[in-house]
Amino acid sequence: MSVLIYAENAGGTFKKSVFEAVSYAKAIADQNNTDLVAISIGDVDAAGLASLGKYGAKKVLNVSGDKLKNFINQAYASIIAEAAKKEGADVVVLSNTFSGRGLAPRLGVKLEAGVADGAVALPEQNDGKFRVKKTAFSGKAFAVVELTSANKVIALIPNSYKVVETGGIAQVEDFAAATKQSDFKAIIKEIVRAADKVSLPDAEIVVSAGRGLKGPENWGMIEELANLLGAATACSKPVSDAGWRPHSEHVGQTGIAVSPNLYIAIGISGAIQHLAGISSSKVIVVINKDPEAPFFKVADYGIVGDAFEVVPQLIATVKEY
Ligand code: FAD
């Protein structure tokens, strides 16, 4: 047995969620006394690739080429599956990101593997059983799934496993995987990123606001607080439906699922569909003027008060530090 981790990059660099996933995959490799191999697709420089050794990768397979610069689900899945076969990897680990969620079922088919996406803990391996704790029902519950197939695919939720530095340097090898014409049916030509914004799925802190803010003109204080905290901004569904904020900020059952260390919810009622997207947040702070707002039931800290008074005070306090 060996373990393969797909290390996805964002514009040529690895984010913290990748180091978490490499650390997690290394722990699985250690559980099974085997080596960890990483695969990177796209343009990451040699130093970046070798740095994966710090978190336990013994070898990094590097796949580059103009056609593979941007994420292409089908092509990336073919390459990762081929790498898994070449390395004899029976466990493939991904980050449970937008691309990881797309790749996991495809790899499941290609490798005839059981898939545990939304994983939040290391697998328990006893008596030949391989069980993974994962989120279920859009984050409303946890399930323990037993993967009974020889090959296994696991997608780890960001912020659910710590980064562990083991201190090595990985050996980097070019890997030329065969792809088919049909792998390139849909190609991303350009990705336009919002400048200076913290990416919501990877954010460690999220400042989120809802209909209690009354209108788009009041988001200045939300953005200011987010900037001061190095946080991403998010919103409830009605807010993005109304066009007050972009749909890319919509969190919940029908939007993005986040798992930051700190989620600050301002003027959001806490409907079950919203909570579905934030339930794996480590600490939840709720600011709402209604003491009966359902969000307070899941809050670690709550402030009953008017957002238009509380948020400026928070901003002033953060500025003092
Ligand atoms: P509201 O329910 O209007 O709540 C506003 C809150 O602000 C209230 O609690 C109020 O007390 C508080 N408030 C008002 N003024 C102030 C003030 N000055 N200071 C402080 N607090 C104030 N919703 C999502 O968010 N994400 C989803 O993915 C999602 N998916 C859905 C899927 C389905 C199939 C359905 C049916 C619904 C879905 N919804 C989703 C909608 C969800 O049910 C709620 O309607 C929505 O989350 C409510 O948004 P809100 O809390 O911003 O607004």
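In the numbering used here, the protein residues as written are 290 to 610.
Built from N, CA and C at the ideal position, the CB exists for glycine as well.
It should be emphasised that the depicted structure is a prediction, and the values quoted were computed from it without experimental measurement.
Less than 8 Å separating the beta-carbons of residue i and residue j?
| i | j | result |
| --- | --- | --- |
| residue 390 | residue 363 | no |
| residue 438 | residue 386 | no |
| residue 367 | residue 472 | yes |
| residue 557 | residue 498 | yes |
| residue 440 | residue 401 | yes |
| residue 345 | residue 311 | yes |
| residue 444 | residue 349 | no |
| residue 423 | residue 442 | no |
| residue 523 | residue 481 | no |
| residue 343 | residue 456 | yes |
| residue 359 | residue 477 | yes |
| residue 607 | residue 489 | no |
| residue 325 | residue 304 | no |
| residue 559 | residue 582 | yes |
| residue 539 | residue 548 | no |
| residue 573 | residue 588 | yes |
| residue 380 | residue 330 | no |
| residue 451 | residue 609 | no |
| residue 565 | residue 429 | yes |
| residue 585 | residue 591 | yes |
| residue 510 | residue 601 | yes |
| residue 419 | residue 425 | no |
Considering residue i, what are the terminal residues of the beta strand (DSSP E) in which it resides?
| i | result |
| --- | --- |
| residue 395 | It is not in any beta strand (DSSP E) - residue 395 instead sits in the alpha helix (DSSP H) that spans 387–399. |
| residue 379 | 378–384 |
| residue 325 | 325–330 |
| residue 460 | 460–463 |
| residue 521 | 521–524 |
| residue 573 | 572–577 |
| residue 592 | 590–593 |
Pick out whichever of the options has its Cα sitting closest to the Cα of residue i.
| i | options | result |
| --- | --- | --- |
| residue 427 | 368, 580 and 545 | 545 |
| residue 467 | 372, 459 and 565 | 372 |
| residue 543 | 555, 527 and 550 | 527 |
| residue 407 | 603, 569 and 585 | 569 |
| residue 293 | 303, 302, 323 and 299 | 323 |
| residue 333 | 298, 384, 599 and 610 | 298 |
| residue 384 | 495, 539, 597 and 449 | 449 |
| residue 595 | 575, 586, 476 and 562 | 575 |
| residue 376 | 295, 524, 523 and 506 | 295 |
| residue 415 | 603, 302 and 321 | 321 |
| residue 555 | 314, 418 and 578 | 578 |
| residue 356 | 479, 521, 549 and 486 | 479 |
| residue 404 | 433, 417 and 587 | 433 |
| residue 502 | 599, 308 and 447 | 599 |
| residue 313 | 301, 604 and 341 | 341 |
| residue 604 | 374, 429, 514 and 370 | 514 |
| residue 487 | 392, 537 and 465 | 537 |
| residue 327 | 399, 369 and 591 | 369 |
| residue 352 | 430, 564, 590 and 461 | 461 |
| residue 301 | 315, 319, 291 and 354 | 354 |
| residue 417 | 453, 591 and 436 | 436 |
| residue 506 | 453, 533 and 431 | 533 |
| residue 378 | 425, 420, 315 and 339 | 315 |
| residue 563 | 580, 553, 571 and 541 | 541 |
| residue 290 | 361, 374 and 365 | 374 |
| residue 388 | 411, 339 and 447 | 447 |
What span of residues does the alpha helix (DSSP H) with residue i cover, start to end?
| i | result |
| --- | --- |
| residue 514 | 509–518 |
| residue 320 | 305–320 |
| residue 293 | Careful: residue 293 lies outside any alpha helix (DSSP H), inside the beta strand (DSSP E) at 291–295. |
| residue 498 | Not the alpha helix (DSSP H): residue 498 falls in the beta strand (DSSP E), residues 494–498. |
| residue 604 | 596–609 |
With a cut-off of 8 Å, does the C-beta of residue i fall near any C-beta of chain C?
| i | result |
| --- | --- |
| residue 591 | Given the protein chain composition of this structure (a single chain), no chain C is represented. |
Original post:
Along the chain, which unbroken stretches of the alpha helix (DSSP H) at least 4 residues long are found entirely within the stretch 535–568?
Top reply: 561–564, all fully within the stretch 535–568.
**OP:** Using the beta-carbon of each residue, find all residues closer than 5 Å to any heavy atom of ligand 1 and list them in chain order.
**Re:** 499, 500, 501, 525, 526, 527, 541, 542, 543, 544, 556, 557, 558, 560, 562, 563, 577, 578, 579, 582, 595 and 596
Original post:
Can you list the beta strand (DSSP E) stretches of 3 or more residues lying completely in the stretch 391–458, in chain order?
Top reply: 403–408, 413–415, 418–425, 430–435 and 441–445
Original post:
What runs of the alpha helix (DSSP H), each 4 residues or longer, lie entirely inside the stretch 331–362?
Top reply: 335–339
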